[in-house]
Structures are given as C-alpha cells and as structure tokens.
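See below for the structure under consideration.
Residue numbers (the numbering used here): 3 to 347.
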C-alpha cells in the first residue's frame with residue numbers, strides 16, 4: 003500500500019493540536035508528546051532526517067524558561083520554596099512550588115503542540131501541502147510552499163558550500179573568515195530565485211483569464227462573515243452558543259471556497275486515492291478527541307489540572323488515556339504493514 007493521504011494527516015494534526023491546547027493535565031500531555039514522537043519515528047520518510055530541529059534541546063529550554071519565568075513573576079501558592087527580598091521589582095517575594103508547576107505545565111503544552119507540528123512537517127511532503135489549499139487559493143498555496151522550503155534549502159546550500167570550502171582548506175576562525183561562505187550563499191540564493199521565476203513564467207504562472215464569479219459563493223461568503231460577527235459578539239456577551247455560530251461561519255465559508263474551487267480545475271500526474279488506512283487514521287484522531295465532548299460532564303474533569311492554591315497529584319483516567327492512543331493509529335498501521343514509508347522528497 004501507499005503512504006497515508008495528506009488530508010488524513012491534516013485531521014491527525016488538528017486533533018493532536020486541539021488536545022494539546024485544551025488539555026492541561028501533565029500526565030495526558032506527556033502521553034500526547036510521546037505519541038507524537040512515536041508516530042514521527044514510525045512514519046517519517048527515510049531521507050527526511052537531513053535537517054531537523056533539535057527538538058529535545060528546544061523543549062528543555064522552553065520548559066526551563068516557562069517554569070522559572072512563572073515562578074519568579076507569579077507569587078501564588080501555599081508551598082514556599084524560597085524568599086526573595088520584597089524590594090526587588092517584579093520578582094521580589096515568595097517563590098512558590100505551585101507557580102513553578104503551573105509554568106512547567108504551560109511549557110509542556112507548548113512543546114506538545116510543537117511536537118505535533120514538527121511531526122506533520124516531517125512526514126507530509128511539502129509538495130502535497132499545496133494540495134491541501136482550496137483550488138481557489140492555489141496562488142496562496144504556492145507562495146506558502148516557496149516560503150516553507152526557503153530556509154531548509156538555504157541550509158542545505160550552506161552545508162554544500164561549507165564542505166566545498168573545507169576541501170579547499172578553508173577554516174572558520176572568526177567573522178572575517180565567513181566571507182567565502184556568505185558570498186556564494188547570497189549568489190546562489192539569487193540564482194535560485196531567478197531560476198524559480200523563469201520556471202514559473204514558462205509554466206504560465208500569473209496568466210489570468212476573466213472568470214465570472216457566481217452569486218451563490220458571494221452570498222455564502224457574506225453569510226459566513228455575518229455568522230462570524232454574530233458569534234464573536236455573542237461570545238463577547240458571555241454566550242457559550244457563540245461557538246456554534248463561529249462553527250457555522252467556518253462551514254459556510256468553506257463551502258463557498260469549495261464552490262469557487264470548481265471554477266479552477268486542477269490535474270495531477272499521479273493522483274492519490276483515499277484508502278481504508280486513511281479512514282482509520284481519521285477515525286483514530288476523532289476517537290482521541292472524544293474526551294473533549296461536553297456530554298461527559300464531571301468525568302472529563304481529569305483532563306484539566308490546576309496546581310493552585312495547593313499542589314496535588316493530577317488525576318488520570320485510564321479510559322481517557324486509552325482513547326488518546328487513537329492518535330497512534332498511523333504508527334500502528336505502519337508497523338503492521340498497512341502503508342509503506344516513502345523516500346523523502
């Protein structure tokens with residue numbers, strides 16, 4: 003079988019990101035973090051490890067900064083760890099364990115969200131990301147593709163130049179020795195930009211033809227904006243049903259872009275077809291989001307954690323934890339032979 007469809011990965015990313023934002027229990031967050039790391043390890047293309055963010059080092063810095071910052075600035079809690087002179091601005095006063103734990107949990111939520119995005123970016127080929135954009139927004143998707151690939155391509159070019167200069171005996175000893183690296187890098191960047199521009203012109207990019215936009219999509223866009231405005235006002239006045247209006251606005255606007263996309267046909271040399279494995283990935287992501295439903299009532303309180311006013315051990319529901327394993331469906335299918343790992347682009 004082939005690799006999973008990009009739209010299935012998008013649903014997986016949205017589910018994982020939503021859980022990372024909504025859940026504040028550190029036990030569930032650690033589980034989500036580990037699941038995202040396992041999925042990336044199992045599903046990442048073979049050649050995708052040429053340039054990668056030092057995730058664990060970045061995670062350590064984020065956790066340390068978030069913990070220290072909140073502990074030094076939020077003097078709330080009953081467990082005092084240290085007393086600083088009260089005359090010191092901002093950080094003066096008691097340093098509490100509860101404030102440190104609250105900062106740690108916020109940092110953990112951030113790195114969990116970062117882990118899901120990093121896994122998505124590593125697994126899904128950049129060329130397929132443009133296909134996720136509606137055909138009516140094809141130009142925007144192309145611009146985003148160029149922007150996303152700019153930094154990785156520049157880093158690859160820098161490494162090639164550095165290796166070539168090292169073969170010639172060049173050594174980095176200071177800022178002055180960077181000139182043999184920076185000048186070829188800038189020249190190469192300009193050459194790539196010119197080649198890209200010529201290629202886009204040769205393929206007819208920028209050529210336009212007058213297309214009459216039907217009244218239906220226009221009315222849908224207007225209705226979606228009105229729904230969004232009504233939802234925002236309703237939330238500002240304290241009405242929880244404002245989220246329903248915002249959801250309706252998103253659905254109406256998405257339908258309008260779907261209709262507009264029909265006016266811009268797109269062809270593929272090798273179109274990807276939706277498979278049973280893709281359905282299982284989407285189903286697993288939706289199952290993982292079941293604990294967020296408000297119908298569970300008090301049972302779902304274990305998803306949330308507040309260390310104030312006195313620190314207590316967070317609750318953990320085994321059933322909710324098992325549901326989160328729905329996000330591991332891609333890794334399970336990959337290890338079971340449900341899809342094959344493709345070579346990186």
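Cβ atoms here follow ideal geometry from the backbone N, Cα and C, with glycine treated the same way.
Every value quoted in this text rests on a predicted model; they were computed, and no experiment measured them.
If you check the CB distance, residue 64 and residue 109 come in under 9 Å. Taking the Cα of residue 9 as reference, the smallest distance to any Cα among 281, 75, 329 is reached at 281. Straight-line measurement puts the Cα of residue 189 at about 49 Å from the Cα of residue 291. Straight across, the Cα-Cα distance linking residue 223 with residue 287 is about 29 Å. DSSP, reduced to helix, strand and coil, places residue 96 within a strand of the structure shown. Across the set 245, 262, 11, 221, the C-alpha of 262 shows the shortest separation from the C-alpha of residue 137.
The segment 91-176 is shown to contain whole beta strand (DSSP E) runs of 3 or more residues at 95-98, in chain order. Between residue 117 and residue 35, the gap from beta carbon to beta carbon is short of 9 Å. Using a Cβ distance threshold of 9 Å, residue 83 and residue 98 count as a contacting pair.
Assignment of beta-bridge partners to residue 82 by DSSP yields 98. Residues 74, 75, 86 of the same chain have their beta carbon placed closer than 8 Å to that of residue 93, with the five preceding and five following residues left out of the count. Non-local C-beta neighbours of residue 248 in its own chain, meaning closer than 7 Å and more than five positions away in sequence, comprise 230, 233, ordered along the chain. Collapsing the DSSP output to three states places residue 313 in coil.
Annotation for residue 294: no alpha helix (DSSP H) segment contains it, and DSSP assigns it neither H nor E. Annotated as proximal: residue 121 and residue 46, with beta-carbon spacing under 9 Å.
Counting only residues of its own chain and dropping the five nearest sequence neighbours on each side, residue 67 has a CB closer than 8 Å to the CB of 109. A direct Cα-Cα distance of roughly 54 Å separates residue 304 from residue 180.
Counting other Cβ atoms within 10 Å of its Cβ, residue 246 stays below 16 and is therefore classed as exposed. With respect to residue 27, residue 307 sits close: the two C-beta atoms are nearer than 9 Å. Straight-line measurement puts the Cα of residue 256 at about 10 Å from the Cα of residue 219. Boundaries for residue 207: no alpha helix (DSSP H) harbours it, and the DSSP string shows neither H nor E there.
Around the C-beta of residue 43, fewer than 16 other C-beta atoms lie within 10 Å, and the residue is accordingly described as exposed. Spanning the alpha carbons of residue 106 and residue 69 requires a straight line of approximately 5 Å.
The segment 13-42 contains no complete beta strand (DSSP E) run of 3 or more residues. Of the candidates 221, 6, 30, 30 places its Cα closest to the Cα of residue 319. In this structure, the straight-line span from the alpha carbon of residue 140 to that of residue 317 is close to 46 Å. Taking residue 324 as reference, the option from 37, 149, 145, 19 with the minimal CA-CA separation is 37. Cβ-Cβ distances below 7 Å link residue 302 to 293 in the same chain, with the five nearest sequence neighbours on each side left out; the list follows chain order. Counting along the chain, residue 322 sits inside the alpha helix (DSSP H) bounded by residues 320-326.
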